[in-house]
Structure formats: C-alpha cells, structure tokens
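When the count follows our numbering, it moves up by one through the sequence shown with no breaks and lands on 1593 for the last residue.
Data first, discussion second: the structure below is written as structure tokens.
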Amino acid sequence: MDTSIPWITFHGFSPHLAALCLVTCCLLLVSALVSGAETSFFSLSHNDIAALRKKTSASSDAVLRLLSDVDLLLATILVVNNLVNICIVILTSGIIDATFTFVRFEFLFKTVLVTFLLLLFGEILPKVLAQTLPARFAQFVARPLSVLRWIFYPLSCILVRTSSRISEKAAHKSEISLDDLADAVDMTQTANPEEHVMLSGIVNFVNTEVQEIMKPRVDITALELSDDYQTVKRTIMASGFSRIPVYDGEIDNIRGTLYVKDLLPYINQEEFGWQQLVRKPYFVPERKKINDLLADFQSNKIHMAIVVDEYGSTLGLVSLEDIIEEIVGEISDESDNDERLYTRLDGGSYLFEGKTHIGDFERILSLDEETFSDVRGEAETLAGLMLELKRDFPRKGDAFTAHGIRFTVKELESHRVDKIRVDIL
C-alpha cells in the first residue's frame, strides 16, 4: 500500500532504485575527492613540495607530475567536478521522481536535498580535511587524478586554451602605456610633493637606465691593490663608505670590492694583508634597466655594481641606495650631506660642486621640478648643464643665465667643471 501525507506520496524502494542510489553515492565520493584535491594541491607549501621531492614513492611522483602543469590540473579538476555534479543532480532527481509523488513543494524538496548532499559531502567535508592534511590528501588522490587527467585531456586542453585566449584579450584591452601613467601622475593633485616624487619614480622606474643614476668614474672613491693597510684605513675613514672598489694599476682594471665590515676583526692591527678580503666585483652594462639590476641585487645579495661600457672600461658605480632613491627620493644618512655639494656665500649666492645633480640643485634652492627641462638636454649635473648652455667646453669665468639664475664657472679640473657660482637674480 502507498503511504500518503497531504503533499507527498511514497511508492516504495525497488532494487533498480537501490542500484541508482549506489551509483549516486559513488559519484558523490568522486566529487568529494576531486573537490578535496583542488584544495590540497593548491595548499601545498614550498616545504611540502620539497619533502615530496625527497620521497621515492609513486604517489609523490604523481603529485609532482600533476603540479608540473598547474593550468591543466585545474582544468581537469573543474571538468570532472562539474560533470560528476551534473550526473548527481540528474540521478537524484530521477530517484526522487520514481520514489515519491508530490502534490506541492517538489522543486523545493529536490533543491534542498541535492544542495545539502553536494555542499556537505562534496565540498565542505573534503575541503576541510584537505586543508588540514594537504600533502597526505594530495598523495591519496594523485594517481586516480592522473588517470582522470588522461581521460579528459582533450576537453581540459580546450578549456585551458580558451581561457588563455580570453585572458590575453582582457590583458591587451587593459594595457596602459607608461606614458599614459606618467601623464596621469602629472595631473594628480597632491598636497604632499614627496608623494608626487614617489609616484613619478615608480612610473619611470622600468625605463630608467643605470647610466642615468650611476656615480661617474671621476667621483669614485677606490683603493689601489698595492695600497698599504694604513692608507686603506685612512681612505675608509675619509669616505665613510661601507664598500669600496679595488683596482690594479688603473680604474679600468677593477679587481674587486672591499667590504669594510670584513676589516673589523683586524682594525687594531698596524699591518694586514687586506687584499685577501677583496670580494669578486659585479659588473653591469651602462644601458641595463635599473629594475632588472634591482632583481640582480636581490638574487645575488649584493649592494653595489661597477658600470662598464662595451669595451669594458669603467664608467661609474651604482649602489642599491641609488636605485631606491629613484622611487622614494633622496635618502640622507651620516655620509650624505648637502653642505658637501654647496657653500653659502654672502649676498644670497652659492658655490656649488659641478657634480651636483640637477634634481638636488632644484631641491636645495626650493625650485619646481623640471625647472631646467627646456635647457638641460641630456645633462644630469650642473657641470653637464653648463655644457648644454654653452654647447662647448666652458672656460673659467664663463657665465650663463637661465630661469632667473646666473651660473658662473669658478673652477675647472682639466675639461671638467668643478665649481660653479650661483646667483639668484
């Protein structure tokens, strides 16, 4: 007899329905394993992967093979999980239709039951377990998942390629050139000039070359390989630098870098063979991008590099501090002093070093950024600005006026402008 209630009628349970229920439970188990696999594989830490590499079991090898192509792994998991869940929904709906007759609430009953089964047994429980024991769970499902990857390989490949093309098109549409970013930064209204400097530095970072920020060779403090220990200590004390290049014969023949901290155990000795502490130098080409150089510094754990041209001649020196200053602006420490760059004279005049960077000059005199952008050309220093203004080698006493400021060449060192008098008109 049928047992009836006002809104549902039960028709009994046949062996055929029992078989369908068993198949549904098996599919629910597959759904649980695949869902847990997604969590476990993508929760593996570097230590977990390193531990798996040390093992020689078939399951650990299977995990590593699956991780070798993460996109294909994820596509396989998604394809299998969705197909299994669809089959579970269809079978459950058929079992309910064959077992019960509904007067009302049929859709609600099916929705609640299927959602409960899929969420609890197909998602929540396996993912909690996989999150708790990711390595063990991944090893447990690795070989079955490898079989599924082989079975569904064509469908998974189609999914990976389609998603890759969509991602490429989306990325192409959202591309913004560096010039667009620079224009946006220039239009940004900010009350803090330091924020504006930092934003500009970030935008221009990838386009800046080493030669634009390096310290030129004439300003390098270096040690001769034949210098005695007392000379080395005097040079260190006078410069205040923590790393000093070492050359043999001439500055173009850099042999290494002396780290001052390496000398600390021998600082009280009168004589010491300091040459044994010289470390291998790191050379970079002049046109290398500073973002690439920063990555090199990080990977090699160094803070300084020697800049050379295509012939191997020394052009200058670049440090980690120079790179960081391109983003955050000038960094002042105990060895950086603006007073070394200029001297105040009577009547509001100044005497500047020719090596003073134009940006530092503008900052010291509280001028707007890019004040001299229309006349500086490729010049980076005041000495270079004098060359641009005259279009020839300046002579002592030459005077130039630009933007209400008079520059007078006061001292020359060979063909290099060493001292410049600055008068604000």
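All C-beta atoms in this analysis are idealised placements derived from N, C-alpha and C, irrespective of residue type, glycine included.
Just to check my reading of the structure: residue i and residue j have Cβ atoms closer than 8 Å, yes? What is that Cβ distance to the nearest angstrom?
i	j	result
Leu1185	Ile1263	6 Å
Val1590	Ala1570	Their Cβ separation, rounded to whole angstroms, is 11 Å, which puts Val1590 and Ala1570 out of contact at 8 Å.
Ala1226	Val1309	With 8 Å as the limit, Ala1226 and Val1309 do not qualify as a contact, their Cβ atoms being about 13 Å apart.
Glu1548	His1525	6 Å
Ala1488	His1471	Per the sequence shown, residue 1488 should be read as Leu rather than Ala. About 4 Å separates the two Cβ atoms, so the contact holds.
Val1282	Val1257	6 Å
Arg1563	Val1577	7 Å
Val1374	Phe1320	Actually they do not touch by this definition, with Cβ atoms about 41 Å apart.
Gly1522	Ile1573	With 8 Å as the limit, Gly1522 and Ile1573 do not qualify as a contact, their Cβ atoms being about 15 Å apart.
Phe1277	Phe1270	7 Å
Asp1586	Leu1580	6 Å
Leu1393	Asp1416	4 Å
Val1328	Asp1239	5 Å
Going by DSSP, what residues sit across from residue i in a beta bridge?
i	result
Met1472	Ser1487
Leu1391	Val1414
Gly1424	Val1414
Val1590	Tyr1518, Phe1575
Glu1377	Lys1457
Tyr1397	DSSP, once it has assigned bridges, lists no residue as partnering Tyr1397.
Arg1447	Thr1425
Glu1493	Partner(s): none; Glu1493 has no beta bridge.
Arg1512	Tyr1518
Ala1567	Thr1576
Cys1383	Position check: residue 1383 holds Lys in this sequence, whereas Cys was assumed. Paired residue(s): Leu1485.
His1525	Thr1549
Glu1581	Arg1584
Val1452	Val1475
Does the separation of the CB atoms of residue i and residue j fall below 7 Å?
i	j	result
Asn1249	Val1191	no
Ala1298	Ser1208	yes
Ser1228	Leu1220	yes
Leu1232	Pro1302	no
Tyr1397	Glu1439	yes
Leu1188	Leu1259	yes
Ile1412	Leu1391	yes
Leu1462	Ile1491	yes
Arg1317	Ala1230	no
Thr1539	Glu1546	no
Leu1555	Phe1520	no
Val1428	Ser1410	yes
Residues in the same chain with beta-carbon distance under 6 Å from residue i, minus the five sequence neighbours each way, listed in chain order, please.
i	result
Lys1456	Val1378
Phe1568	Leu1557, Phe1575
Lys1383	Gly1484, Leu1485
Val1252	Leu1195, Val1198, Ser1199
Leu1388	It should be noted that the sequence gives Ile, not Leu, for residue 1388. Once the five neighbours on either side are set aside, the close Cβ partners of Ile1388 are Leu1485.
Ser1331	none
Tyr1434	Phe1440
Phe1465	Leu1488
What does a CB cutoff of less than 7 Å around residue i pick up in its chain, not counting 5 residues either side in sequence?
i	result
Pro1453	Val1476
Phe1305	Gly1204, Ser1208, Leu1297, Ala1298
Val1400	Leu1391, Trp1442
Met1405	none
Asn1505	In this prediction, Asn1505 has a pLDDT of 49, which is less than 50 and means its spatial position is unreliable; what the coordinates show is noted afterwards. There are no such residues.
Glu1537	Glu1530
Glu1507	With a pLDDT of only 46 at Glu1507, under the threshold of 50, the placement of this residue in the model should not be trusted; the figure read from the coordinates follows. No residues qualify anywhere along the chain.
Arg1385	Ile1419, Thr1482, Leu1483, Gly1484
Phe1289	Leu1196, Ala1200
Gln1307	Ser1227, Ser1228, Val1231
Less than 8 Å between C-beta atoms, sequence neighbours within five positions excluded: which residues of the same chain meet that for residue i?
i	result
Asn1436	none
Leu1513	Leu1519, Arg1589
Asp1237	none
Less than 6 Å between the CB of residue i and some heavy atom of the ligand FAD, yes or no?
i	result
Glu1438	As far as ligands go, the structure on display features none, and thus does not contain the ligand FAD.
Measuring only between beta-carbons, confirm whether residue i sits less than 7 Å from chain B.
i	result
Glu1418	Although the question refers to chain B, the structure presented lacks it and comprises just one protein chain.
Are the stretch 1312–1332 and the stretch 1237–1244 in contact at 8 Å, needing three or more beta carbon pairs?
-> yes
Can you find at least 3 beta carbon pairs, one from the stretch 1420–1427 and one from the stretch 1444–1457, that sit closer than 8 Å?
-> yes
Can we say the stretch 1477–1484 touches the stretch 1379–1388, given the rule of at least three CB pairs closer than 8 Å?
-> yes
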